[in-house]
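Going left to right, the sequence shown walks through residues 128 to 229 as the working numbering numbers them.
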Amino acid sequence: QHVDNSPDARMSNAVPVSIVFEARNAKSVTIVGDFNNWDETTSPMRRFGADGPWTVTVRATPGRHVYAFLVDGTTLVADPRAPRARDLDYGGDASVLMVTAP
């Protein structure tokens with residue numbers, strides 16, 4: 128049996144996941160993780176209201192993912208609401224996101 132492990136095949140079973148992050152003084156926040164190849168341009172977060180939380184919906188395949196928030200383009204911050212992980216590929220603290228199949 129052939130298993131197609133290409134990025135397109137893997138993303139075909141991706142599910143939307145909403146993420147919320149509190150960073151009152153931030154000018155910009157982006158979520159980076161293994162689900163978007165740690166690309167800071169892929170998933171910019173939007174602020175809810177003038178000083179509310181930052182939000183984004185990302186697509187991630189079922190399983191364990193590692194991610195962090197990039198605040199103001201310079202500071203990586205782990206999600207205080209999620210379990211911590213040590214991400215050796217990117218460096219620094221990161222968080223774990225568990226995604227279940229729909």
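Every residue, glycine too, gets a C-beta built ideally from N, C-alpha and C.
Chain-order list of residues whose beta-carbon lies under 8 Å from that of residue i (same chain, five-residue window excluded)
i	result
residue 136	The pLDDT assigned to residue 136 is 48, lower than 50, so where the model puts this residue is not dependable, and the model offers no usable value.
Through-space distance from residue j to residue i, alpha-carbon basis
i	j	result
residue 204	residue 173	17 Å
residue 157	residue 191	20 Å
Three-way DSSP call (helix, strand, coil) for residue i in this model
i	result
residue 206	coil
residue 220	strand
residue 148	strand
residue 162	helix
Close beta carbons around residue i, own chain, < 7 Å, minus the five adjacent residues each side
i	result
residue 227	189
Residue i classed as buried or exposed, judged by whether at least 16 other C-beta atoms fall within 10 angstroms
i	result
residue 201	exposed
residue 199	exposed
residue 175	exposed
residue 166	exposed
residue 177	exposed
Cβ-Cβ separation, residue j to residue i (assumed contact under 8 Å), whole Å
i	j	result
residue 229	residue 142	5 Å
Proximal residues to residue i (C-beta, below 6 Å), its chain only, five neighbours per side dropped
i	result
residue 147	180, 182
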